[in-house]
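So the working numbering is basically just the index in the sequence shown, starting at one, shifted up by 1.
Where is the CB? At the ideal position from N, CA and C, for every residue including glycine.
Read the structure below first, then the notes.
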Amino acid sequence: MNAYQLLIVDDEPYAHKLLESYCAKLDFIELTGNCYNGVEALNQLSSKKVDIMLLDIQMPDITGIELLDTIQKNATKVIMTTAYSDYALESYNHEQVVDYLLKPIKFVRFLKALERAKRILELEHHYNSPTPPIAKNNAQPTFICIKDNKKLYKISFHSLLYIQAYGNYLKFFLKNGEMKMVRNTISKMEKELPVHQFCRIHKSYIVNLDYVKQIEGNQVVLTKSTLPLGNSYNQYFKEKLITIKNE
């Protein structure tokens, strides 16, 4: 896997040294540059590919918020790094922002933010990757088999509304009102379901796109249920839903 290109934008040299030391511990991150003000950052963003930007807010000439306003169409994912919590809500109004770190920044919290950015980039890459054509003689499965209480059940994809992670188990909620629970992880199950019909919307939920009625803020409304929509999955889910509905 190629490393993601990261840019540090902060007017404090100490902040650069700390963040550089954190980045050096992550094999999926490659530091591509250091900028000490917003103007330098704009020049870097226009001349090279930047996947993730660590952005301070209080800087001379151009603040971090003003920089965000300037690069609204840029695909770079932004993690805010600041000593001021007052700007958190305002920064999240920008789609590029995936997390908000308060100084002094601890490595564990830094790692969590970078993992979130990585996950979003991976989701977008998966969504934008061309899907190979399916051979006409290669029929796709229409059901999945799960084992519940020593019994093996055949569940058609059409009958499955959504799946919820529950500790080390998964709950399968069916159209007829039944619920089956099996020992499994949501990450493994996500790989077994057809991507054109099912989508992960939260670290704990996968939904059947056929039964999605609407999105209300950070919630997904199904025929008979309302589920949370995680920030990390928001953009990918909305784009996928629009694509499926327009097909």
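- With respect to Asp57, Ala16 sits close: the two C-beta atoms are nearer than 8 Å.
- Cβ atoms of Ile72 and Ile53 stay farther apart than 8 Å, at about 13 Å.
- Met180 sits exposed, since fewer than 16 C-beta atoms from the chains shown fall within 10 Å of its C-beta.
- The beta carbon of Tyr23 lies closer than 6 Å to those of Phe108, Phe111 in the same chain, with the five residues before and after it left out.
- The continuous beta strand (DSSP E) containing Glu31 extends over residues 30-36.
- By the Cβ neighbour-count rule, Lys26 is exposed, with fewer than 16 other Cβ atoms within 10 Å of its own.
- Annotated as proximal: Ile106 and Thr82, with beta-carbon spacing under 8 Å.
- Counted as a single uninterrupted DSSP element, the alpha helix (DSSP H) harbouring Ile66 occupies residues 65-71.
- Partner residues in the beta bridge of Arg184, as assigned by DSSP, are Tyr170.
- In the same chain as Cys146, and ignoring 5 residues on each side of it, the C-beta atoms closer than 8 Å to its own belong to Leu153, Tyr154, Lys155, Ile156, in chain order.
- Under the three-state reduction of DSSP, Ile121 is assigned to helix.
- Contiguous beta strand (DSSP E) elements confined to the stretch 2-31 occur at 5-10, taking only those with 3 or more residues.
- Counted as a single uninterrupted DSSP element, the stretch harbouring Gln97 is not any beta strand (DSSP E), since DSSP gives it neither H nor E.
- If you check the CB distance, Gly39 and Thr64 come in under 8 Å.
- Inter-residue distance for Val196 and Met190 is about 11 Å (C-alpha atoms, whole angstroms).
- Note that the stretch 222-240 touches the stretch 158-167; at least 3 beta-carbon pairs, one per stretch, sit closer than 8 Å.
- Exposure of Asp28 is indicated by the presence of fewer than 16 other C-beta atoms within 10 angstroms of its C-beta.
- Across the set Ser48, Asn232, Leu103, the C-alpha of Asn232 shows the shortest separation from the C-alpha of Leu122.
- DSSP places Asn44 inside the alpha helix (DSSP H), whose first and last residues are 39-48.
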